[in-house]
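A.B. asks: First the structure, which I've put down as structure tokens, then a few questions once you've had a look.
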Amino acid sequence: MNNAVERLSDAAERRDRRTADAGAVVAIAGVVSAAIAAVLMFASGDADTARGFAFAGMIGVIGAVTAAAKSATAERKAVFATGGVLLLIVSSTMFGLSFS
4 MNNAVERLSD AAERRDRRTA DAGAVVAIAG VVSAAIAAVL MFASGDADTA RGFAFAGMIG
64 VIGAVTAAAK SATAERKAVF ATGGVLLLIV SSTMFGLSFS
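Residue numbers (our numbering): 4 to 103.
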């Protein structure tokens, strides 16, 4: 009985680790998208394309929140939560600036 509980616990930990890793990938993609939006907005003045990349950056916030929720250590939770907030600020700012 104890062995079955340990296997179930290990499976849940692996699932959480995979979910956290997938969230981290989406968050990193969001950071890259927000950076591309900033370059497009300020270097080339292409507001329409920048708006799309900024929106993709805001989707990256979902990945950061998922990674923060499923991370095993408090340090990783703090990093992803802080990164998610910063990503939301940058992405929404670029999205808003693309309309002006």
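Yeah, the Cβ is synthetic: ideal placement off N, Cα and C, and Gly gets one too.
Identify whether Gly87 lies in helix, strand or coil by the three-state DSSP scheme.
C.D. replies: Reduced to three states, the DSSP call for Gly87 is helix.
A.B. asks: With distances taken from CA atoms, which of Gly33, Ala72 and Phe45 is nearest Ala57?
C.D. replies: The residue with the shortest Cα to Cα distance from Ala57 is Gly33.
A.B. asks: Within 10 angstroms of its Cβ, does Thr76 collect 16 or more other Cβ (buried), or is it exposed?
C.D. replies: That one is exposed.
A.B. asks: Going by alpha carbons, who is nearest to Gly60 out of Lys73, Ile39 and Leu43?
C.D. replies: Cα-wise, what sits closest to Gly60 is Ile39.
A.B. asks: Buried or exposed for Ala81, going by 16 or more other Cβ atoms inside 10 Å?
C.D. replies: It counts as exposed.
A.B. asks: For the alpha helix (DSSP H) containing Met2, name the first residue and the last one.
C.D. replies: There is no way to answer for residue 2, as the model of the chain reaches only from 4 to 103.
A.B. asks: So, do the stretch 88 to 95 and the stretch 42 to 49 have three or more beta carbon pairs nearer to each other than 8 Å?
C.D. replies: Result no; under three Cβ-Cβ pairs closer than 8 Å.
A.B. asks: What does the Cβ neighbour count give for Gly66, buried or exposed, with the cut at 16 atoms within 10 Å?
C.D. replies: Buried: at least 16 other Cβ atoms inside 10 Å.
A.B. asks: If you reduce the DSSP assignment to three classes, tell me which class Ser101 lands in.
C.D. replies: Ser101: coil per DSSP, three-state reduction.
A.B. asks: If you reduce the DSSP assignment to three classes, tell me which class Thr96 lands in.
C.D. replies: The answer is helix: DSSP assigns Thr96 an H, G or I state.
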